[in-house]
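Protein chains: 2
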Amino acid sequence: MNYIELTKRQEKILEIVRNHGPITGEEIAQKLNISRAALRPDLTILTMAGLLGARPRVGYYYTGREPRDVIAGVLGNIRVQEVQSRPIVVRETSSVYDAIVTMFIEDVGTIFVVSEEGFLEGLVSRKDMLKATMGGKDINKLPVGVVMTRMPNIIVTYPDESVLRAAEKLIHHQVDSLPVVESVQHEGREKYRVVGRFTKTNITRLFVSLAGK
Amino acid sequence: MNYIELTKRQEKILEIVRNHGPITGEEIAQKLNISRAALRPDLTILTMAGLLGARPRVGYYYTGREPRDVIAGVLGNIRVQEVQSRPIVVRETSSVYDAIVTMFIEDVGTIFVVSEEGFLEGLVSRKDMLKATMGGKDINKLPVGVVMTRMPNIIVTYPDESVLRAAEKLIHHQVDSLPVVESVQHEGREKYRVVGRFTKTNITRLFVSLAGK
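Chains as they are written, first to last, in this note's numbering: chain A, 191 to 403; chain B, 191 to 403.
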């Protein structure tokens with residue numbers, strides 16, 4: 191996909207520079223049989239778009255750079271901790287009913303289940319809750335620990351992971367939310383302390399803010 | 191926010207070009223009291239990043255362009271129809287139970303409710319369904335029309351709207367999904383035909399694919 195729409199002449203210029211660059215504006219104009227002045231706006235557009243580079247006393251050259259490279263560069267530089275949300279947690283012994291109420295009050299789609307020490311034990315989504323309420327059991331008595339997805343079957347992210355990598359995890363594992371965790375040693379075993387929540391909403395918000403709105 | 195991290199020297203170069211551009215590489219090197227060769231890598235980085243422009247026989251100039259401008263340009267050019275998903279619909283007379291089953295089978299978070307003629311009547315989310323199952327009523331007998339959000343209180347998008355504008359709607363109205371509709375005249379009134387579904391998942395997927403992964 192190329193999201194920058196080029197005119198026929200701009201395509202032609204790109205081709206010339208790809209084949210003959212570095213090349214001066216004058217030489218490009220000659221090849222196209224147009225004046226240097228007529229060529230200028232197209233060169234400006236192609237240079238602004240990053241498709242052509244220009245070096246003083248050398249000429250124009252083909253960068254091979256696509257808009258996506260700029261985007262990949264930007265997204266690869268933003269860390270999860272810069273966009274993450276506050277984690278909403280309950281204890282494993284909470285009832286499904288209480289977890290649902292927390293979900294409504296906090297207006298979140300996923301709740302993390304933590305141990306007494308604050309370590310990640312599991313995770314429940316609206317989908318899990320919907321299944322639980324359909325199951326015909328008394329959700330006031332059913333502990334959330336019975337219906338949650340349990341460690342180690344949880345995909346996590348880290349504060350300093352790039353949002354691009356975290357977004358890939360969301361897509362690849364088909365989940366809406368990742369706990370943002372810090373790995374700690376506890377009684378000789380690796381445990382996760384939950385420090386945030388990374389969701390498709392964070393990405394959507396980032397998407398809008400990156401565009402400067 | 192500036193997501194491109196610059197060194198002290200690169201900041202200095204930017205400042206020089208902002209104040210004195212257009213300026214040749216040689217002149218910049220003189221001002222910094224370094225050799226032209228030592229300066230070259232920094233100039234390349236700043237030009238590649240789009241922060242500096244260069245024009246043969248003129249010199250370097252400050253573009254005033256930020257990475258976000260590139261991103262806004264790209265996102266503003268992608269249309270909803272290029273990334274949308276297939277809409278999942280039920281009829282208003284369907285039971286809440288059947289709508290939930292459809293939700294699970296299709297693995298979607300939002301279902302659109304349409305009239306006999308296929309026009310948009312309403313929308314139900316997992317949250318609406320969860321509320322309905324908590325309500326203590328018999329969800330086998332409860333029609334989905336009773337619990338849905340009803341037209342005209344539904345935020346919609348259009349096939350040719352930009353994904354950026356549609357993403358803004360998701361954030362502004364705090365919803366997870368928008369019906370993609372075409373406006374039609376039916377018996378003298380404006381109606382919406384549902385042609386797609388635009389969600390935060392579409393944006394997350396786009397986000398990943400734009401970065402070229």
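Every residue gets a Cβ at the ideal spot worked out from N, C-alpha and C, and that includes glycine.
This structure is a prediction, so every number in the text was calculated from the model and none was measured.
- Within 7 Å of the CB of B:Thr-394, the CB atoms of chain A belong to Ala-357, Leu-360, Ile-361, Lys-390 and Ile-393, in sequence order along the chain.
- At a cut-off of 7 Å between beta-carbon atoms, A:Arg-245 makes contact with chain B.
- Secondary structure of A:Ile-301 (DSSP, three-state): strand.
- The alpha carbon of A:Arg-387 has as its nearest neighbour, out of A:Ile-301, A:Phe-309 and A:Ser-373, the alpha carbon of A:Ile-301.
- Here A:Lys-381 carries a strand assignment [DSSP, helix/strand/coil].
- DSSP, reduced to helix, strand and coil, places A:Gln-375 within a strand of the structure shown.
- DSSP, read as helix, strand or coil, puts A:Leu-332 in coil.
- Any Cβ of chain A closer than 7 Å to the Cβ of B:Val-398 would place that residue at the interface, and such an atom is present.
- Distance check between A:Ile-278 and each of A:Val-304, A:Ser-285 and A:Ala-262 places A:Val-304 closest, using alpha-carbon atoms only.
- Using a Cβ-Cβ cut-off of 7 Å, A:Leu-222 does not count as an interface residue toward chain B, since no Cβ of chain B sits closer than that to its own.
- Under the 8 Å Cβ criterion, the stretch 348–368 of chain A counts as touching the stretch 379–397 of chain A, having at least three qualifying pairs.
- Here DSSP, grouped into helix, strand and coil, assigns A:Leu-242 to strand.
- Using a CB distance cut-off of 7 Å, A:Thr-300 does not count as an interface residue toward chain B.
- Under the three-state reduction of DSSP, B:Val-365 is assigned to coil, being neither helix nor strand.
- Around the beta-carbon of B:Val-374, fewer than 16 other beta-carbon atoms lie within 10 Å, marking it exposed.
- Look at B:Gly-211 here: in three-state DSSP terms it is coil, with no helix or strand label.
- Residue state for A:Val-270 is assigned as helix, using DSSP reduced to three classes.
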